[in-house]
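Those sequence lines, one after another, are chains E and U.
The first sequence begins at 1029 in my numbering and counts up one residue at a time.
The second sequence begins at 6 in my numbering and counts up one residue at a time.
All C-beta atoms, glycine included, are put in the ideal place defined by N, C-alpha and C.
If you're wondering where the values come from, they're calculated on a predicted model, not measured in any experiment.
For reference, the structure is listed below as structure tokens.
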Amino acid sequence: MSFGLFFCPEGAGETSRFPGVTTKLDRQEEVEKLENNAEMYWTGLSPDDAREALVNKDKSMRDKRMTLKEAVSQFIKDGDNVGVGGFVNIRQPIAITHEMVRHGFKDLTLSWQSAGMGPDYLAGAMMVDESHFSIKRIELAYWAHEAFGLSPMFRYLAERGKIEIEDWSNYNMSARFKAGAMGLPFIPTRGPLGGDIASSCRTKIIDCPFTGRPIALLPASNPNVSIIHVQAADKYGNCIIRGTDCTCAELAMGSAHTIVTCEQLVSHELITAAPKEVGIPFAAVDAVIEVPFGAYPGACRRHYYFNGDHIKQFHTGATEMCKGGSSDTLKAYYDENIFGVETFDEFIAKFPVTKLMADQKAESFNCERLA
Amino acid sequence: MTASTDYTAQEIIVAAGAKVLEDKKIVFVGTGLPMVAALLAKLTHASGLIPVFEAGAVGPPLSVGLPISVGDSKTFTGASYVGGLNAAFEMTQRGFADFGFIGGAEVDMYGNLNSTMIGDYPAGYQTPKVRLPGSGGASDMAASCERTILIVPHDKRKFSEKLQYITSPGHLDGSPNARFKAGMQGKGPYRLISTKGIFDFDKETKRMRLIQTFPGETVESIQAATGFELLVAPDVTEFAPPTVEEVRMIREDIDPLGAFVKRA
């Protein structure tokens, strides 16, 4: 970290015409104290590094279509902090996680508010073969499946101490992504206060300088890369999201890189017919891949509802491992559904057409509209 | 209104939860039984209830059925206003949420909830005995909705003298103005519904107080199943069992697939 640009002659003190420039950071020992603050560390990019990454990026409106394989190998690296889009099992970037598993990564940090199948697929890969895929750390509010139960993957890894955990709340993680998107190092929120979350994470609670009451400050989250599935996008990366926005826009805007899969790749003219509907702008996106059913067996508004049976089936092998059983069932699932196929299309092709149609029909009941 | 003689523990929770909800109020609805209760309330005495789901849907009619996730497509159809998580939680901080309706795995006498871990905190934080899902939005609702309604299945281990981890803050240690001093907003836990009865929280001490027993339970049987000393209201009454029609609605109209209300 360099403060050279802000150097002021000794003695300029607080009388400087630029008071923000002449702060205690001029004193070398104070700078060192900041840099060595044992309580604070950035697990993705620091706010300054996130800014630098964006400044140096080609932000032109260019064709960003590529294969998932290309996107994953080009934009994700070992040790990265990966921001996971969606919410529980809604619009989770499942196709991207499958491709990440095929590729193999080490020591990832994963950040999300509430998630289900996305981290399940990544964690299950670690349970099957830690030398091929590993997660070092998670920053989260919730990892389970609501009506479809707990995540046996989370239980397995957490209860055996295999991953570092940092608990937050849904709003905490959302606000951290928002701070990242706002170009701020932190954001004040009305929590965590009063419980144990505050001591599980890097929150700092201060007395508000304006009201005097305690308030929580949350460090921004600027992931190295975000993985996001949306309903529609153009080849430049302009995205339209239906149903919950989750925190996908904040994630995309705050990350150094963003990989987007979409149900439907459409023309730039159609995407921009109603510009206010564009939830993520092209400049925040690095790769666009059309992947129908890209959030399946989770749900995607206007396209398909949950396939709860498959979620449970996927969990069977992990549940056996939680109870001390072997990895055979889970490994067989991965061999058949992920390592045994080249692309996500081949995974989807394993489902009976009647089942896919039933899940589409269930969703068309949820949001009835003319064809 | 014939009283049902064939209902499950979850069904009476849902019926009680629905009755606690007031018409024309904004309620932030957490996942699980609160969603079933909100829908029952909307279909019975509280057609003007305004449910908000933390993934961003405000005031949906829920006319396409029970959502099985708080981000479910069913929460968005017909909603008056939709955004994402930040938009929803900013509303709770601002004071738009009259009620928050949440569940937890473990509760103490001050209505603090645990949904994070069973084990030794902080020493065993990174190696919990049982890892639970985590806060989700529950701690946000607990911190910033004006009042909260809690659902916790009743047993001695779950109604605990000391929580292993406080995920969602209630009345903290019960001391005067504890929530305000901690920086929180809202009045905190208002009602708790268990599988055995309904509780409020004493005005002075903020301790959990039994106000209604479910059929088949007594003050003594409920105290015996509670890991701390309960306060008891002077005029404890028996909560009327759900009606045959309410049970039918839960089973046939609201949760026909048993997503949250299990038949067993």
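Counting C-beta neighbours from all protein chains within 10 Å, is the total for Phe1238/E 16 or more, i.e. buried, or is it exposed? Stepping through the first sequence from its first residue, residue 1238/E is reached at position 210. When all chains shown are included, Phe1238/E counts as exposed.
Are any of the Cβ atoms in chain E nearer than 7 Å to that of Asp260/U? Within the second sequence, numbered from 1, the residue matching residue 260/U stands at position 255. Chain E, which has no Cβ nearer than 7 Å to the Cβ of Asp260/U, makes this no.
At the 7 Å Cβ level, is Asp145/U part of the contact set with chain E, yes or no? By one-based count along the second sequence, residue 145/U stands at place 140. So yes, Asp145/U belongs to the interface.
State whether the stretch 1248 to 1260 of chain E contacts the stretch 1106 to 1119 of chain E, with contact taken as three or more CB pairs (one from each stretch) at a distance under 8 Å. yes
Check whether the Cβ of Pro39/U lies closer than 7 Å to any Cβ atom in chain E. Residue 39/U sits at position 34 when you count from the first residue of the second sequence. For Pro39/U, the answer is no, since every Cβ of chain E falls outside 7 Å of its Cβ.
Step through the CB atoms of chain U and report whether any lies within less than 7 Å of the CB of Cys1229/E. Taking the first residue of the first sequence as 1, we reach residue 1229/E at position 201. Cys1229/E does not count as touching chain U.
Given Ala1066/E, which residues of its chain have a CB within under 8 Å of its CB, disregarding the five upstream and five downstream residues? Stepping through the first sequence from its first residue, residue 1066/E is reached at position 38. A caution first: Ala1066/E carries a pLDDT of 43, below 50, which makes its placement in the model unreliable, though a value can still be read off. Excluding residues within five positions, none has a Cβ falling inside 8 Å.
How many whole angstroms separate the CB atoms of Leu235/U and Met254/U, which I take to be in contact at a CB cut-off of 8 Å? Position 230 of the second sequence, counted from the start, is the residue given in the question as residue 235/U. Position 249 of the second sequence, counted from the start, is the residue given in the question as residue 254/U. So it is not a contact: roughly 31 Å between Cβ atoms.
Proximal residues to Gly1022/E (C-beta, below 6 Å), its chain only, five neighbours per side dropped: Because chain E here runs from 1029 to 1399, residue 1022/E falls outside it and cannot be looked at.
Which residues, taken in chain order from the stretch 1184 to 1204 of chain E, show a beta carbon closer than 7 Å to some beta carbon of chain U? Ala1186, Glu1187, Gly1189, Glu1192, Ile1193, Asp1195, Ser1197, Asn1198, Tyr1199, Ser1202, Ala1203
Whole angstroms is fine: what's the gap from Lys200/U's alpha carbon to Lys24/U's? Your numbering for residue 200/U matches position 195 in the second sequence. Your numbering for residue 24/U matches position 19 in the second sequence. The question names Lys, but residue 200/U in the sequence shown is Thr. Looking at the two C-alpha atoms, the distance is approximately 15 Å.
Run through chain U and tell me which residues come within less than 7 Å of Gln1141/E, C-beta to C-beta. Taking the first residue of the first sequence as position 1, residue 1141/E is located at position 113. Within 7 Å of the CB of Gln1141/E, the CB atoms of chain U belong to Leu90, in sequence order along the chain.
For Val224/U and Ala147/U, what's the separation of their Cα atoms in angstroms? Locating residue 224/U in the second sequence gives position 219, counting from the first residue. Locating residue 147/U in the second sequence gives position 142, counting from the first residue. The alpha-carbon atoms of Val224/U and Ala147/U are separated by roughly 28 Å.
Roughly how many whole angstroms lie between the Cα atoms of Arg1079/E and Leu1212/E? Residue mapping note: residue 1079/E aligns to position 51 of the first sequence, counting from 1. Residue mapping note: residue 1212/E aligns to position 184 of the first sequence, counting from 1. The straight-line gap from Cα to Cα measures roughly 10 Å.
If you measure from the beta carbon of Thr242/U to each beta carbon in chain E, is any gap under 7 Å? Here residue 242/U corresponds to residue number 237 of the second sequence, with the count starting at 1. Judged by the 7 Å Cβ criterion, Thr242/U is not in contact with chain E.
Touch test, the stretch 1360 to 1377 of chain E against the stretch 1306 to 1313 of chain E, Cβ-Cβ under 8 Å, three pairs minimum: no
Neighbouring residues, chain U, relative to Lys1383/E (Cβ below 8 Å): On the first sequence, residue 1383/E is found 355 positions in, with the first residue counted as 1. Residues of chain U passing the Cβ test: none, with the nearest at roughly 16 Å.
Identify whether Glu222/U lies in helix, strand or coil by the three-state DSSP scheme. Here residue 222/U refers to the residue found at position 217 of the second sequence. It is coil, neither helix nor strand.
Taking Cβ positions only, does Ile171/U come closer than 7 Å to chain E? Counting from one through the second sequence, the residue named residue 171/U turns up at place 166. Yes, its Cβ sits closer than 7 Å to a Cβ of chain E.
With 16 other Cβ atoms within 10 Å as the buried cut-off, status of Tyr86/U: For the purposes of this step, residue 86/U is identified with residue 81 of the second sequence, where counting begins at 1. Exposed, by the Cβ-count rule.
Please state whether DSSP places Leu236/U in a helix, a strand or coil. Numbered from its first residue, the second sequence carries residue 236/U at position 231. DSSP, read as helix, strand or coil, puts Leu236/U in strand.
Closest residue to Pro1180/E among Lys1304/E, Ser1162/E, Cys1350/E, Glu1305/E (Cα-Cα distance): Sequence index remark: in the first sequence, residue 1180/E carries index 152 (1-based). When only C-alpha atoms are compared, the closest one is Cys1350/E.
Report yes if the CB atom of Thr97/U is closer than 7 Å to the CB atom of Ser173/U, and no otherwise. For the purposes of this step, residue 97/U is identified with residue 92 of the second sequence, where counting begins at 1. For the purposes of this step, residue 173/U is identified with residue 168 of the second sequence, where counting begins at 1. No.
Helix, strand or coil at Gln1102/E [DSSP, three-state]: The count along the first sequence starts at 1 and reaches residue 1102/E at position 74. In the structure shown, Gln1102/E falls within a helical segment according to DSSP collapsed to helix, strand and coil.
7 Å CB neighbourhood of Ser1197/E in its chain, flanking five on each side removed: Here residue 1197/E refers to the residue found at position 169 when the first sequence is read from its first residue. Excluding sequence neighbours, Ser1197/E sits near Ala1169, Gly1219, Pro1220, Ile1225.
Could I get the ranges of all uninterrupted alpha helix (DSSP H) runs contained in the stretch 50 to 93 of chain U, with 4 residues as the minimum, in chain order? none
Closest Cβ-Cβ distance between Phe1342/E and chain U: below 7 Å? Locating residue 1342/E in the first sequence gives position 314, where the first residue counts as 1. Not one chain U Cβ lies under 7 Å of Phe1342/E.
Relative to the C-alpha of Ala1327/E, which residue among Gly1177/E, Lys1097/E, Ile1118/E, Val1100/E is closest? Taking the first sequence and counting its residues from 1, one reaches residue 1327/E at position 299. The residue with the shortest Cα to Cα distance from Ala1327/E is Ile1118/E.
Strand pairing of Pro995/E, partner residues [DSSP]: Past the edges of chain E, shown from 1029 to 1399, lies residue 995/E, and the structure says nothing about it.
Just checking: is the beta-carbon of Leu136/U within a distance shorter than 7 Å of some beta-carbon in chain E? The sequence position of residue 136/U within the second sequence is 131, counting from 1. A small correction: the amino acid at residue 136/U is Arg; Leu does not occupy that position in the sequence shown. Cβ-Cβ to chain E under 7 Å: yes for Arg136/U.
At which residue ranges does the stretch 28 to 52 of chain U contain complete beta strand (DSSP E) runs of 3 or more residues, listed in the order of the chain? 31 to 34
Please report the distance separating the alpha-carbon of Pro1251/E from that of Asp1077/E. Position 223 of the first sequence holds residue 1251/E. Position 49 of the first sequence holds residue 1077/E. Each residue's alpha carbon lies about 11 Å from the other.
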